[in-house]
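**Student:** Here you go, one structure.
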Amino acid sequence: MDKFLYIAASGAKQDLVATSVRANNLANAQTNGFKAQLEQARAMPAFGEGLPSRVFSMTESPTNNYEGGAMITTDRPLDVAVQGDGWFSVQTPQGEEALTRNGNFNIAANGALQDASGNLVMGENGPLFLPVPLANVSIANDGTISARLQGAPENAVEEVGRLKLTKPANDAIKRREDGLFELKSGDIAAQDIGVQVRSGMLEGSNVNAVEEMVEMISLQRHYEMQVKLMRKADQLSMRGNQLLRIF
Numbered sequence: 001m002d003k004f005l006y007i008a009a010s011g012a013k014q015d016l017v018a019t020s021v022r023a024n025n026l027a028n029a030q031t032n033g034f035k036a037q038l039e040q041a042r043a044m045p046a047f048g049e050g051l052p053s054r055v056f057s058m059t060e061s062p063t064n065n066y067e068g069g070a071m072i073t074t075d076r077p078l079d080v081a082v083q084g085d086g087w088f089s090v091q092t093p094q095g096e097e098a099l100t101r102n103g104n105f106n107i108a109a110n111g112a113l114q115d116a117s118g119n120l121v122m123g124e125n126g127p128l129f130l131p132v133p134l135a136n137v138s139i140a141n142d143g144t145i146s147a148r149l150q151g152a153p154e155n156a157v158e159e160v161g162r163l164k165l166t167k168p169a170n171d172a173i174k175r176r177e178d179g180l181f182e183l184k185s186g187d188i189a190a191q192d193i194g195v196q197v198r199s200g201m202l203e204g205s206n207v208n209a210v211e212e213m214v215e216m217i218s219l220q221r222h223y224e225m226q227v228k229l230m231r232k233a234d235q236l237s238m239r240g241n242q243l244l245r246i247f
């Protein structure tokens with residue numbers, strides 16, 4: 001009886017874990033550059049004293065969906081989207097370098113180029129600090145940033161920096177708790193001059209809202225089935241105890 005109850009209870013618990021992954025995907029369906037998390041469940045034997053006669057369910061998120069999201073035209077010079085494979089490099093407030101696909105950039109009062117979360121955007125030689133004030137800012141396909149400096153003639157456009165673009169293999173990166181990505185090895189991703197970007201565009205989330213809703217409904221039905229099994233196990237246990245009282 002305890003096996004019956006244990007299997008049902010562990011299955012119900014993992015259904016809740018899987019639901020939280022799907023719910024997080026849905027919550028980020030409108031987040032620029034978001035990559036959907038994937039989840040899977042598998043049976044795991046429980047090892048301990050005696051024979052391995054117990055099996056429990058385990059839900060895990062082994063990887064992410066790295067397909068590109070829909071391209072959104074904004075015509076804003078500081079909105080940039082990676083074309084194909086590749087990542088922007090940013091520096092978090094803790095000084096760690098991480099990867100993102102969200103190219104919604106802004107220039108702070110001190111000239112620092114920042115992403116939508118306030119992280120510093122990395123250039124070839126560290127965080128990018130642009131000489132402010134600037135005019136006619138543009139970002140080329142290779143990540144080169146050009147602008148007209150204050151007091152310069154209208155046609156005097158100069159190169160003021162270049163984005164650090166990287167292209168690590170998908171199986172070499174992992175999602176961080178803050179939603180950014182990093183190399184599994186802990187190393188800093190090297191610049192890849194072959195990565196191309198497009199200015200005036202943003203990459204949308206690659207979450208399929210309909211698919212996520214369908215999966216959440218399926219998980220809810222599966223959870224309800226596990227709860228019914230737990231109730232049935234309780235009923236069988238009560239009937240067994242009643243039979244013992246007769247004797």
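Here full-length UniProt numbering is used: position 69 in the sequence shown is 69, and no number is missing along the way. Glycine residues also receive a C-beta, built at the ideal position from the N, C-alpha and C atoms.
1) Report the rounded CA-to-CA distance for W87 versus L165, giving the unit in angstroms.
2) Considering only DSSP beta bridges, list what V197 is partnered with.
3) By Cβ distance, which residues of its chain are closer than 7 Å to M71, with the 5 residues on each side in sequence left out?
4) Quick check on DSSP: helix, strand or coil for N170?
5) Could you tell me the boundaries of the beta strand (DSSP E) in which A98 lies?
6) Give the secondary structure of S20 by DSSP, where H, G and I count as helix, E and B as strand, and everything else as coil.
7) So who's on the other strand from E159, going by DSSP bridges?
8) A116 and N125: beta carbons closer than 7 Å?
9) Starting from the N-terminal side, write out each stretch of the beta strand (DSSP E) that is 3 residues or longer and does not extend beyond the region 108-138.
10) Based on Cα-Cα distance, which residue from L149, D142, T144, P127 lies nearest to N136?
11) Taking L183 as part of the beta strand (DSSP E), name the residues at either end of that continuous run.
12) Looking only at C-alpha atoms, which of A41, N102, L128 sits nearest to A108?
13) Beta-carbon within less than 6 Å of E215's beta-carbon, same chain only, minus the 5 sequence neighbours each way: which residues are those?
14) Please report the straight-line C-alpha distance between V227 and L219, rounded to a whole angstrom.
15) Assign D15 to buried or exposed, taking buried as 16 or more other Cβ atoms, counted over all protein chains shown, within 10 Å of its Cβ.
16) Which value, in whole angstroms, describes the spacing of the CA atoms of S237 and P45?
17) Starting from V207, trace the beta strand (DSSP E) both ways and give me its first and last residue.
18) If you follow the beta strand (DSSP E) that I72 is in, where does it begin and where does it stop?
19) Quick one: Cα of P77 to Cα of M122, how far?
20) In this structure, does DSSP put N25 in helix, strand or coil?
**Tutor:** Checking against the coordinates, here is how it stands:
1) 6 Å
2) V82
3) A81, M201, E203
4) helix
5) 97-100
6) In this structure, S20 counts as helix in the three-state DSSP scheme.
7) S146
8) no
9) 120-123
10) Minimum Cα-Cα distance from N136 among the listed residues L149, D142, T144, P127 corresponds to L149.
11) 181-183
12) L128
13) Excluding sequence positions up to five before and after E215, its CB lies within less than 6 Å of the CB of R22, all in the same chain and listed in chain order.
14) 12 Å
15) buried
16) 24 Å
17) That residue, V207, is in no beta strand (DSSP E); it is neither H nor E in DSSP.
18) 71-73
19) 17 Å
20) helix
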